[in-house]
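Q: Taking the numbering used here, I'd label the letters of the sequence shown as residues 60 to 236.
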Amino acid sequence: MTVGTPGSEIELETSRLLLRPWRVAEAPVQHELWTERDPRVPPHRRIDADGHPTVAELEDAIRTQPVWSTGLLAVERKTSRDVIGYCGLVDSGRGPAAEPELAFELLRRVWRQGYATEAATAVLDWARASGYERLWATVWDWNTASRRVLAKVGFTETDRKEVDALHGTTLFNTRRL
60 MTVGTPGSEI ELETSRLLLR PWRVAEAPVQ HELWTERDPR VPPHRRIDAD GHPTVAELED
120 AIRTQPVWST GLLAVERKTS RDVIGYCGLV DSGRGPAAEP ELAFELLRRV WRQGYATEAA
180 TAVLDWARAS GYERLWATVW DWNTASRRVL AKVGFTETDR KEVDALHGTT LFNTRRL
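1) According to DSSP, tryptophan 195 sits in a beta bridge with which residue or residues?
2) Need the endpoints of the beta strand (DSSP E) that threonine 129 sits in, please.
3) Would the beta-carbon of leucine 117 fall within 8 Å of that of alanine 86?
4) Below 8 Å on the Cβ atoms is my contact criterion, and I expect arginine 96 with tryptophan 201 to pass it. Report the Cβ-Cβ distance as a whole number of Å.
5) Measuring CA to CA, which of Gln172, Arg207 and Arg235 is closest to glycine 190?
6) Quick check: what's the CA-CA separation for alanine 224 versus threonine 129?
7) Is tryptophan 170 buried or exposed, if buried means 16 or more other CB atoms sit within 10 Å of its CB?
8) Just the Cα atoms here: how many angstroms apart are arginine 187 and aspartate 218?
9) Could you pull out every residue in the same chain whose Cβ sits closer than 8 Å to the Cβ of arginine 79, ignoring the five residues on either side in sequence?
10) Using the C-alpha atoms, what's the distance from leucine 183 back to leucine 194?
11) Taking the straight line between their C-alpha atoms, what separation do you get for threonine 113 and alanine 157?
12) With distances taken from CA atoms, which of Leu161, Asp119 and Arg206 is nearest tryptophan 185?
13) Residues in the same chain with beta-carbon distance under 7 Å from phenylalanine 214, minus the five sequence neighbours each way, listed in chain order, please.
14) Pull up the distance between the alpha-carbon of arginine 105 and that of serine 74, whole angstroms please.
15) Secondary structure at arginine 136, three-state DSSP: helix, strand or coil?
16) Specify the secondary structure class of isoleucine 143 as computed by DSSP and reduced to three states.
17) Just the Cα atoms here: how many angstroms apart are alanine 204 and isoleucine 143?
18) Determine the DSSP secondary structure at threonine 203, reduced to helix, strand or coil.
19) Does threonine 180 come out as helix, strand or coil in the three-state DSSP assignment?
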């Protein structure tokens with residue numbers, strides 16, 4: 060499930076940001092996100108030894124996978140018009156049916172400027188207006204910055220955890236809207 064209807068373009072605006080569908084030409088930003096990921100992130104979510112996913116593969120994903128137009132929206136700074144990451148809702152299959160997961164990831168160079176909190180707040184407002192009653196978010200126990208963002212936007216950690224001895228424990232968070 061993606062949030063929204065394929066073919067319908069979701070655009071959210073804050074004072075500093077525009078959240079909108081990805082453009083194929085922005086695949087290098089996605090590639091940069093992949094290359095910056097913490098080494099504790101599982102290998103299937105990082106660039107592999109053969110350089111995959113490539114920019115061309117990410118371009119194809121933007122063209123063909125609805126999640127990049129209706130779920131995980133590009134986060135663009137309005138003043139500089141540059142894309143700095145993504146934020147949105149997806150069905151990860153980990154939460155109850157009809158309760159999507161909030162997901163966000165920003166380029167390291169823009170961390171600690173409040174963009175993740177601002178983007179997440181816009182997505183939460185949109186989710187509430189769209190009739191969702193509760194959202195989920197998962198985060199690695201070692202990812203203190205993302206845990207702080209989730210707390211700032213009103214998520215609370217649940218008792219549910221998925222322990223992975225190699226990559227860390229995934230914590231499940233929820234928020235009523």
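Where a beta carbon is used, it is the ideal one built from N, C-alpha and C, also for glycine.
A: Result, derived from the coordinates:
1) Tryptophan 195 is bridged by DSSP to Glu160 and Thr233.
2) For threonine 129, there is no enclosing beta strand (DSSP E); the enclosing alpha helix (DSSP H) covers residues 126 to 129.
3) In this structure, alanine 86 lies closer than 8 Å to leucine 117 by Cβ.
4) Actually they are not in contact, since the Cβ atoms of arginine 96 and tryptophan 201 sit about 13 Å apart, beyond 8 Å.
5) Residue Arg235 is the option with its Cα nearest to glycine 190.
6) Cα-Cα distance, rounded: 34 Å.
7) By the neighbour-count rule (16 or more Cβ atoms within 10 Å), tryptophan 170 is not buried but exposed.
8) If you take the alpha carbons of arginine 187 and aspartate 218, they lie about 24 Å apart.
9) Glu68, Ile69, Glu70, Leu71, Leu132, Ala133 and Glu135.
10) Straight-line Cα distance between these residues: approximately 8 Å.
11) Roughly 32 Å separates the two Cα atoms.
12) Checked all of Leu161, Asp119 and Arg206; the closest Cα to tryptophan 185 is Leu161.
13) Closer than 7 Å at the Cβ level, and outside the excluded window around phenylalanine 214, lie Ala196, Asn232, Thr233 and Arg234.
14) Put simply, the backbone Cα of arginine 105 is about 32 Å away from that of serine 74.
15) Assigned with DSSP and collapsed to three states, arginine 136 falls in strand.
16) Note: isoleucine 143 maps to strand in three-state DSSP.
17) Here the alpha carbons of isoleucine 143 and alanine 204 stand approximately 16 Å from one another.
18) The three-state reading of DSSP puts threonine 203 in helix, counting H, G and I together.
19) Assigned with DSSP and collapsed to three states, threonine 180 falls in helix.
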